[in-house]
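Notes to accompany the following structure.
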Amino acid sequence: MARFNSLIDSLGGTPLVGLPRLSPSPDVRLWAKLEDRNPTGSIKDRAALYMIEAAEKDGRLEPGVTLLEPTSGNTGISLAMVARQRGYDLICVMPENTSRERRQLLEMYGARIVSSPAAGGSNQAVAMAKAMVAQNPQLVMLYQYGNEANARAHYEGTGPEILADLPTITHFVAGLGTTGTLMGAGRYLREKVPSIQIVAAEPRYGELVYGLRNIDEGFVPELYDDTVLTTRFSVGPLEALRRTRELVEQEGIFAGISSGAILHAALAMAGKALDAGVPAEIALVVCDGGWKYLSTGAYAGTLEEAEAALEGQLWA
Amino acid sequence: MAIEVRIPTILRSHTGGAKTVEGSGDTLGALIDDLDGQYGGLKGRLVTDEGALHRFVNVYVNDEDVRFTGALDTALEDGDSVTVLPAVAGG
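As they're listed, the protein sequences go chains B and U. Position 120, counted from 1, in the first sequence is what my numbering calls 138; the numbers after and before it change by one each time, with no gaps. Position 45, counted from 1, in the second sequence is what my numbering calls 51; the numbers after and before it change by one each time, with no gaps.
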């Protein structure tokens, strides 16, 4: 540990810790990048700081400006913290079916929340934010889904940190949301370790979240380039919850639910390596801690009860 | 050969409201052709005129995205599970 001039200066440099009990053999090992050890407790701090600093450099931001961002929570919390330090206001457009803690944190950091209907999921939050910016051109939307600084934060930060700590890496497994982590860290790691497997774990929500009116309202982030990935898994809530609990029970890591989904995909890759009899060093991302999800019921009762409690919620 | 296919809400107008349907085929493309025979119009919602998966449709075989396993040529076996979902934003 070291000393820093401010909280923001302490961003990144997160630990990579072994998962000795969850690793299937001494030759097939799992390592977790603990991104909850960032200033507001999630990996999104990296993208938020990079996007704000890029906009400052371009002259799009000066004190008093109002930022507007569609987010399911973590990016908003990160932006709110940095924005308050730098003198910007922030409005977050967020689906109403996100956890109470996320809303409370945003309000504490001084952000305003505009709710989008649960039935439209994040897609509708994105559409609403775009419409608001079109009507109010003085608002600045950093737009995490298409902002190259989001991916660059991981190309210059997350990726190099992981390679420095695990030069023998064979797999990198992360969550797929804005796709910034996988595009940035994935590109960096592939350049340095051409044989590496880059694996995406995508949360599969309950039906409500996919209640679009038509397929053309679907959404693929502008940052996404599928040539960076080796493969992509869809992970449902039951598997994500089971793995989230294994993380805390077996390794002592109290993580958010999306990290359970990522562990599930990582264990699938570990199983393939074990079956093939080849050694593997698998780095996976723990995106955030479990604190913001306690009210969802994810950590109480049986797995089936927790799954029922998550129905209709945006849990990643 | 029976393969269970999970259909998202938005496409259930083609399946009489059914959440899951059964079809057969050695590949995903053959399965979709078989389903289109049972549920007219379904193929047009999943596959473009050029014969590729629609940009905003994701299809998973045993939870793995078919765009990384051969797309419509992805091989299927009895007992495989196929899930169709619209693409949504995260973050």
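C-beta: ideal position from N, C-alpha, C; glycine also. Here the structure is a predicted model, which means the values were calculated and not measured.
Handout entry: Residues bridged to Val-27/U [DSSP beta-bridge criterion]
Key = Val-11/U
Exercise for the section: Consider the Cβ of Glu-104/U: report whether some Cβ of chain B lies at a distance smaller than 8 angstroms. Expected result: Residue coverage of chain U in this structure runs from 7 to 97, which leaves residue 104/U outside it and unanswerable.
Exercise for the section: Would you verify that the beta carbon of Val-94/U is, or is not, closer than 8 angstroms to some beta carbon of chain B? Expected result: yes
Problem - Phe-190/B at chain U interface by Cβ criterion, 8 angstroms - result: no
Practice task
Return the chain-ordered ranges of every alpha helix (DSSP H) run that is complete within the region 56–84 of chain U and spans a minimum of 4 residues.
Solution key: none
Exercise for the section: Determine the chain B residues that contact Leu-91/U at a beta-carbon separation under 8 angstroms, and present them in chain order. Expected result: Arg-222, Tyr-228, Ser-252
Handout entry: Contained alpha helix (DSSP H) runs [length at least 4] in the region 256–299 of chain B, N- to C-terminal order
Key = 275–294
Exercise for the section: Output, in chain order, the set of chain U residues within a Cβ distance shorter than 8 angstroms of Leu-247/B. Expected result: Within chain U, the residues whose beta carbon sits less than 8 angstroms from that of Leu-247/B are Phe-74, listed in sequence order.
Practice task
Establish whether the CB of Arg-61/U and some CB of chain B are separated by less than 8 angstroms.
Solution key: yes
Practice task
Check whether the Cβ atoms of Tyr-68/B and Ala-167/B sit closer than 8 angstroms, and answer yes or no.
Solution key: In this structure, the beta-carbon distance from Tyr-68/B to Ala-167/B falls below 8 angstroms.
Practice task
Could you work out which residue in Ser-134/B, Tyr-127/B, Leu-34/B, Ile-109/B is closest to Val-227/B when comparing CA atoms only?
Solution key: Val-227/B has its Cα closest to that of Ser-134/B, out of Ser-134/B, Tyr-127/B, Leu-34/B, Ile-109/B.
Practice task
Look at the alpha carbon of Glu-2/U and the alpha carbon of Leu-34/U, and state the distance between them as a whole number of angstroms.
Solution key: Beyond the ends of chain U as shown, which are 7 and 97, falls residue 2/U; an answer cannot be given.
Exercise for the section: Just the chain B side, please: which residues come within less than 7 angstroms of Tyr-66/U by C-beta, in chain order? Expected result: Ser-252
Exercise for the section: Only counting runs of 4 or more residues, tell me where the alpha helix (DSSP H) segments fall wholly within the region 34–113 of chain B, in order along the chain. Expected result: 62–75, 92–104
Problem - Where Arg-356/B sits in the DSSP three-state scheme - result: Residue 356/B is absent from the model: chain B starts at 19 and stops at 334.
Handout entry: DSSP bridge partner residues for Ile-216/B (one or two, in chain order)
Key = By DSSP's assignment, Ile-216/B forms a beta bridge with Phe-190/B.
Practice task
Provide the residue(s) that pair with Gly-307/B in DSSP beta bridges, ordered along the chain.
Solution key: Ala-273/B
Problem - contact_flag[the region 139–158 of chain B, the region 84–92 of chain B] where n(CB pairs < 8 angstroms) is 3 or more - result: yes
Exercise for the section: Thinking Pro-255/B and Glu-325/B are a contact (beta carbons under 8 angstroms), I'd like their distance in whole angstroms, please. Expected result: In this structure Pro-255/B touches Glu-325/B by the C-beta definition: roughly 5 angstroms separates them, less than 8 angstroms.
Exercise for the section: Establish whether the CB of Ile-9/U and some CB of chain B are separated by less than 8 angstroms. Expected result: no
Exercise for the section: Name, please, each residue of chain B whose Cβ falls closer than 7 angstroms to the Cβ of Arg-51/U. Expected result: Ile-233
Exercise for the section: Leaving out five residues on either side along the sequence, give the residues of the same chain with a beta carbon under 8 angstroms from the beta carbon of Leu-40/B. Expected result: Correct list, in chain order: Leu-48, Glu-264, Leu-265, Gln-268, Glu-269, Leu-281, Leu-285.
Problem - Range of the contiguous beta strand (DSSP E) that encloses Val-207/B - result: Residue identity check: residue 207/B is Leu in the sequence provided, not Val. Unbroken run through Leu-207/B is the alpha helix (DSSP H), 198–210; no beta strand (DSSP E).
Exercise for the section: Would you identify the three-state DSSP class for Leu-91/U, choosing helix, strand or coil? Expected result: Look at Leu-91/U here: in three-state DSSP terms it is strand.
Exercise for the section: Quickly, what does DSSP pair Phe-22/B with across the bridge? List them, please. Expected result: Phe-22/B is not bridged to any residue.
Practice task
Round the Cβ separation of Ser-43/B and Leu-292/B to the nearest angstrom and send it over; I've been treating them as touching at under 8 angstroms.
Solution key: 6 angstroms
Problem - Cut-off 7 angstroms between Cβ atoms - residues of its own chain near Leu-124/B, not counting five sequence neighbours on either side - result: In the same chain as Leu-124/B, and ignoring 5 residues on each side of it, the C-beta atoms closer than 7 angstroms to its own belong to Gly-94, Ile-95, Ala-98, Cys-110, Ile-131, in chain order.
Problem - Three-state secondary structure assigned by DSSP to Arg-18/U - result: helix
Handout entry: chain B contact for Thr-15/U (CB, 8 angstroms cutoff)
Key = yes
Handout entry: Supposed close pair Asp-306/B, Gly-59/B - CB separation, criterion 8 angstroms
Key = 6 angstroms
Exercise for the section: Since I believe His-189/B is in contact with Ile-300/B (beta carbons under 8 angstroms), could you give me their beta-carbon distance rounded to a whole number of angstroms? Expected result: 4 angstroms
Handout entry: Closer than 8 angstroms to chain U by CB, Gly-77/B
Key = Taking Cβ atoms only, chain U never reaches closer than 8 angstroms to Gly-77/B, which makes this a no.
Practice task
With DSSP as the reference, label Ala-318/B as helix, strand or coil.
Solution key: In the structure shown, Ala-318/B adopts coil according to DSSP, grouped into three states.
Practice task
Keeping to the same chain, check which residues put their C-beta closer than 7 angstroms to that of Ala-143/B; ignore five residues upstream and five downstream.
Solution key: Pro-88, Val-111, Met-112, Pro-113, Ser-134
Exercise for the section: Return the first residue and the last residue of the beta strand (DSSP E) that Ser-28/B is part of. Expected result: That residue, Ser-28/B, is in no beta strand (DSSP E); it is neither H nor E in DSSP.
Practice task
Mind checking which residues open and close the alpha helix (DSSP H) that includes Val-53/U?
Solution key: Val-53/U -> no alpha helix (DSSP H), and no H or E assigned at all.
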